[in-house]
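*Asks:* Numbering (the numbering used here), first residue to last: 3 to 322.
Even for Gly, the Cβ is constructed at its ideal location relative to N, Cα and C.
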Ligand code: A3D
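(1) Could you give the distance in angstroms between the alpha-carbon of residue 322 and the alpha-carbon of residue 275?
(2) Could you have a look at residue 190 and say whether DSSP puts it in helix, strand or coil?
(3) Fully enclosed by the segment 82 to 121, which beta strand (DSSP E) runs are 3 residues long or longer?
(4) Quick one: what does DSSP say residue 35 is sitting in, helix, strand or coil?
(5) Taking its Cβ as the centre, do 16 or more other Cβ atoms sit within 10 Å of residue 201, making it buried, or is it exposed?
(6) With H, G and I counted as helix, E and B as strand and the rest as coil, what does DSSP make of residue 170?
(7) Can you tell me whether residue 310 is buried or exposed? The criterion is at least 16 other CB atoms within 10 Å of its CB, across all chains shown.
(8) Is DSSP giving residue 257 helix, strand or coil here?
(9) Please state whether the Cβ-Cβ distance between residue 2 and residue 151 is less than 8 Å.
(10) Alpha carbon to alpha carbon, how far is residue 172 from residue 153?
(11) Nearest by alpha-carbon distance to residue 70: which of 53, 43 and 50 is it?
(12) For residue 25 versus residue 7, is the C-beta distance shorter than 8 Å?
(13) Which runs of the beta strand (DSSP E) fall wholly inside the segment 268 to 295 and span at least 3 residues, in chain order?
(14) Taking C-beta to C-beta, are residue 60 and residue 105 nearer than 8 Å?
(15) Where does residue 244 land, buried or exposed, given buried means 16+ other C-beta within 10 angstroms?
(16) Measure the alpha-carbon distance for residue 264 versus residue 273 and round it to whole angstroms.
(17) Should residue 235 be labelled buried (16 or more other beta-carbon atoms within 10 Å of its own) or exposed?
(18) Please name the residue in 90, 133 and 93 whose C-alpha comes closest to that of residue 102.
(19) So what does residue 184 bridge to, in DSSP terms?
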């Protein structure tokens, strides 16, 4: 049986980390694509040379031509530009929308049966545009943000409670941005919801609110420290978890920016919601009950994503 083929479209900081992780986890052969000449070839050769040391078998190929992604089972898209300090994710919209148009055409031509995971920001609008530009089924084009946002939330909670990150589950809904909705009611330590942990004296409501805010600002905190770009280790790990769920038909329950066609009262938009990811791509969208306050936060997040999609249509009217 042939190995899976995983195409990385964009081979910068996240793309390089993805390529390395795919080898270490033996998920398949890797094609690193980028417009920068020599860079994907150089990174591919470098990672391939680590394989005898780490003991994994995978073919690595760097390319500047889309034909190299032909027949890919999974495409992970990071092509575009990241944020610099002082920039919001939305500032990237104009440049990255044009990149999505090229990427969409490349995937449509060479990898129409792939499961496509978009990471490029502003995430919810870019994945929406990428699905339209590529014409791939909506179940097979998905955005990575929720796994990362909930991982940040889980990490901060585990630190606060002094328990293993493995025992903390977290739920983050909505767009990937300042309006994301970390749901404390559905986040737990070993099944105990966060509001109960406040009542049990494990933390205060004030501290929990600070953690929620730090989660919302999680990306900006790292941009401020790095100064030259944005986070890449945790974003790469998060996308790998989604790719693995698809390739191994794990049917993982993962938050993802998924296409909504009426769920949560939202039509033809990508917003972060809990999903089931397996061999069928996005196999199910899980609709949970939101209370009034949560619904209001979710609506605010949806309207900010809607504003970005409208801005995309302003630039590329063919997206309508
Ligand atoms: P970076 O290291 O700059 O890599 C981007 C790569 O894209 C570069 O190597 C570019 O040469 C390449 N590129 C630019 N234009 C094109 C094109 N037209 N076709 C193909 N390749 C092209 O950035 P990064 O890897 O740090 O981040 C990539 C993207 O992910 C950015 O848009 C970030 O904002 C975004 N990001 C999203 C999250 C989410 O949670 C959604 C987290 C972190 C970063």
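*Replies:* So, to answer that:
(1) Counting from 1 along the chain shown, the entry for residue 322 is found at position 320. Counting from 1 along the chain shown, the entry for residue 275 is found at position 273. About 23 Å.
(2) Indexing the chain shown from 1 puts residue 190 at position 188. In this structure, residue 190 counts as strand in the three-state DSSP scheme.
(3) With a minimum length of 3 residues, the continuous beta strand (DSSP E) runs that stay inside the segment 82 to 121 are 117 to 120.
(4) Taking the chain shown and counting its residues from 1, the one referred to as residue 35 is at position 33. The three-state reading of DSSP puts residue 35 in strand, counting E and B together.
(5) The residue you call residue 201 lines up with position 199 of the chain shown. Exposed, by the Cβ-count rule.
(6) Residue 170 sits at position 168 when you count from the first residue of the chain shown. Reduced to three states, the DSSP call for residue 170 is strand.
(7) Counted from its first residue, the chain shown places residue 310 at position 308. So residue 310 counts as buried.
(8) Against the chain shown, residue 257 aligns to sequence position 255. Correct three-state label for residue 257: strand.
(9) The shown model of the chain, from 3 to 322, leaves out residue 2, and the question about it has no answer.
(10) One-based indexing of the chain shown puts residue 172 at position 170. One-based indexing of the chain shown puts residue 153 at position 151. Rounded to whole angstroms, the gap between the alpha carbons of residue 172 and residue 153 is 8 Å.
(11) Walking along the chain shown from the start, residue 70 turns up at place 68. Measuring from the Cα of residue 70, the nearest candidate turns out to be 43.
(12) Taking the first residue of the chain shown as 1, we reach residue 25 at position 23. Taking the first residue of the chain shown as 1, we reach residue 7 at position 5. No.
(13) Note on the segment 268 to 295: whole beta strand (DSSP E) runs with a minimum of 3 residues are 269 to 280 and 283 to 287, in chain order.
(14) Locating residue 60 in the chain shown gives position 58, counting from the first residue. Locating residue 105 in the chain shown gives position 103, counting from the first residue. Taking 8 Å as the cut-off, the beta carbon of residue 60 is found no closer than this to the beta carbon of residue 105.
(15) Position 242 of the chain shown, counted from the first residue, corresponds to residue 244. With 16 or more Cβ atoms within 10 Å of its Cβ, residue 244 is classed as buried.
(16) In the chain shown, the residue the question calls residue 264 occupies position 262. In the chain shown, the residue the question calls residue 273 occupies position 271. Taken atom to atom, the span from the alpha-carbon of residue 264 to that of residue 273 is near 12 Å.
(17) The residue labelled residue 235 in the question sits at position 233 within the chain shown. Looking at its Cβ environment, which holds fewer than 16 other Cβ atoms inside 10 Å, residue 235 is exposed.
(18) For the purposes of this step, residue 102 is taken as the residue at position 100 of the chain shown. Minimum Cα distance to residue 102 is reached at 133.
(19) Taking the first residue of the chain shown as position 1, residue 184 is located at position 182. Answer is 174, bridged to residue 184.
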